[in-house]
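A.B. asks: In this note's numbering, the protein residues as written are 189 to 338.
1. So, with DSSP's three-state summary, where would you put residue 280?
2. CA-CA distance, residue 275 and residue 326?
3. Under a Cβ-count criterion, where at least 16 other Cβ atoms within 10 Å of its own Cβ denotes burial, should residue 336 be classed as buried or exposed?
4. Under 8 angstroms: do the region 241–255 and the region 263–280 share three or more Cβ pairs, one atom per stretch?
5. I need the straight-line Cα distance from residue 243 to residue 231, nearest angstrom please.
6. Assuming residue 279 and residue 304 form a contact by the criterion Cβ under 8 angstroms, report the distance between their Cβ atoms to the nearest whole angstrom.
7. Are the CB atoms of residue 292 and residue 245 within a distance shorter than 8 angstroms?
8. Relative to the ligand FMN, is the shortest distance from any of its heavy atoms to the C-beta of residue 252 smaller than 7 angstroms?
9. DSSP three-state label for residue 315, please.
10. Take residue 324 and list the residues in its own chain whose beta-carbon comes closer than 6 angstroms to its own, dropping the five residues that flank it on each side.
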C-alpha cells in the first residue's frame, strides 16, 4: 500500500518547519480537503449586507430570465425569449465588468463570459429568426437547410 501524498512513509518522521510543506508525491491526494473558489466568486457587497444584497448580480440575471419566462407564459414568445437572451448577455457583461459577482461566478471569468455570452446571443438570434414572420432573415441559412434536408 502506498502512502497518501503529504503523509510520511512507514518508519519515517514527518519533517517540521518549511520542509513540511513540500509534497512527497506529485499524485493528487485520495481525499480532497478543500476546493478553490472561482475567480471573482467573492461577495458583491460587504459582509454586513443582507444575503440578497450580496448576491445582486445573480439575482438580477435570474430576475430577467424569470420575467422572460413569465412573458413567454403570457403568450408573447418572441419578446420573452429576447428578454431571456438579454438577461444572459447582461450576466456576461456583469462577469466582465465587476471584480466580485458572488454566485454568478461558477467557473473562471473567461469561461463564464463565453458561456453566458454565447448562450445569450444564440437565444436572441434564434428568437428573432423564429417563424412566423421572423424579424431577422439570414439568406444563406435557407440554402444550408435545403442542402442538409434533401
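We put the CB at the ideal spot given by N, CA and C, even for glycine.
C.D. replies: Per the coordinate set shown:
1. helix
2. 24 angstroms
3. exposed
4. yes
5. 7 angstroms
6. 4 angstroms
7. yes
8. Ligands displayed in this structure: none; no statement on the ligand FMN is therefore possible.
9. helix
10. 316 and 317
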